Amino acid sequence: MRQYIIAGNWKMNKTVSESVALAEGIVEATKDIKKTEVVIAPTYLAAAKVADVIKGSNVKLAVQDVHWKDQGAFTGKVSVDMVKEIGAEYIIIGHSEQRQYFHETEETVNLKVKKTLEAGLKPIICIGETLDERNGGKLETVLSTQVKGAFQDVSAEDAAKCVLAYEPVWAIGTGVVATDEQAEDTQKYVRSVVAEIYGEAIANGMRIQYGGSMKPDNAQGLLAQANIDGGLIGGAALKPDTFFAIIKAAEEAL
Ligand code: 13P
Numbered sequence: 023m024r025q026y027i028i029a030g031n032w033k034m035n036k037t038v039s040e041s042v043a044l045a046e047g048i049v050e051a052t053k054d055i056k057k058t059e060v061v062i063a064p065t066y067l068a069a070a071k072v073a074d075v076i077k078g079s080n081v082k083l084a085v086q087d088v089h090w091k092d093q094g095a096f097t098g099k100v101s102v103d104m105v106k107e108i109g110a111e112y113i114i115i116g117h118s119e120q121r122q123y124f125h126e127t128e129e130t131v132n133l134k135v136k137k138t139l140e141a142g143l144k145p146i147i148c149i150g151e152t153l154d155e156r157n158g159g160k161l162e163t164v165l166s167t168q169v170k171g172a173f174q175d176v177s178a179e180d181a182a183k184c185v186l187a188y189e190p191v192w193a194i195g196t197g198v199v200a201t202d203e204q205a206e207d208t209q210k211y212v213r214s215v216v217a218e219i220y221g222e223a224i225a226n227g228m229r230i231q232y233g234g235s236m237k238p239d240n241a242q243g244l245l246a247q248a249n250i251d252g253g254l255i256g257g258a259a260l261k262p263d264t265f266f267a268i269i270k271a272a273e274e275a276l
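Anchor point for the sequence shown: position 133 equals 155 in our numbering, and the numbering is continuous, going up by one each time.
Right, dumping it as structure tokens:
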């Protein structure tokens, strides 16, 4: 049985004081959550303060990206040791916004995944197709390339620590959510690619989140699907009540 994982990706939203307030609201809302893993990913700037707020709570910390080098002249970047020191457990890697706007490639995703695992942290690896790719019959090729690229030279033991997040680019921030069936069919396919690389046991144990306009009113249907093991939430993660409503849908889906 895979444990649901609901993660809030705050993207470039919330100042430090707003982040602290949001984290406090989420800690309070989730104090009785028992079964679902709850993760929040504030900006780097707010991450250390948010880490203090969530200490001892049901909420875990992620950051939204990392560099694959240990240290040095990489202006604007943050290393995995810096992330680890403040107590983050997860690192979001390969988000489509990184791929689209900041030159993220299969190769840099793979370097970041390996570095994260080497440090003992867990990657949330994002994959997803554009609408043109889906309509052009390239869905499976795109996703299989992304999955295989991310896991290049990653051992089965390490792969088992990773979470995948299927985020169709056309559903992110658009309000156009994938239907339950589209998401389920696609995630089933993604799991088959993992099985091709690592075998059924690792594939069946791997958690695959859905992301892209997941909201309180569609979460229940999505989370009821056999191959959807949680959500990576953008807009709806920016308020304790909407984020909590999605967590509750996961908690009740178990
Ligand atoms: P939205 O939930 O705002 O569509 O964002 C999804 C996402 O990109 C999470 O990483």
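C-beta atoms are modelled at their ideal positions from N, C-alpha and C, and glycine is treated no differently. Note that the coordinates shown come from a computational prediction; the quantities given were computed from them, not determined experimentally.
By the DSSP assignment, the alpha helix (DSSP H) with residue i in it spans what residues?
i, result
"residue 238", "238–245"
"residue 171", "161–172"
"residue 219", "202–220"
"residue 106", "102–107"
"residue 118", "118–123"
"residue 157", "153–157"
"residue 36", "First-last for residue 36: undefined, no H or E at that position."
"residue 264", "262–275"
"residue 126", "Here residue 126 belongs to no alpha helix (DSSP H), and DSSP marks it neither H nor E."
"residue 181", "178–181"
Are residue i and residue j closer than 9 Å when you measure CB to CB?
i, j, result
"residue 150", "residue 189", "yes"
"residue 86", "residue 125", "no"
"residue 109", "residue 83", "yes"
"residue 238", "residue 51", "no"
"residue 88", "residue 105", "yes"
"residue 146", "residue 93", "no"
"residue 233", "residue 194", "yes"
"residue 165", "residue 196", "no"
"residue 243", "residue 202", "yes"
"residue 29", "residue 181", "no"
"residue 259", "residue 206", "no"
"residue 61", "residue 111", "yes"
"residue 81", "residue 48", "yes"
"residue 245", "residue 275", "yes"
"residue 236", "residue 199", "yes"
"residue 53", "residue 79", "yes"
"residue 25", "residue 229", "yes"
"residue 64", "residue 90", "no"
"residue 144", "residue 183", "yes"
"residue 128", "residue 167", "yes"
"residue 278", "residue 120", "For residue 278 there is no data in the structure shown, the boundaries of the chain being 23 and 276."
"residue 219", "residue 169", "yes"
Give me the DSSP bridge partner(s) of residue i.
i, result
"residue 134", "Looking at the DSSP assignment, residue 134 forms no beta bridge with any residue, so it has no partner."
"residue 186", "147, 230"
"residue 112", "84, 144"
If you follow the beta strand (DSSP E) that residue i is part of, which residue opens it and which one closes it?
i, result
"residue 29", "27–31"
"residue 254", "252–255"
Between residue i and chain B, is any beta-carbon pair separated by less than 9 Å?
i, result
"residue 182", "The chain inventory of the structure shown lacks chain B, comprising one protein chain alone."
#### Entry: alpha helix (DSSP H) runs wholly inside the stretch 45–100, at least 4 long, in chain order
66–76
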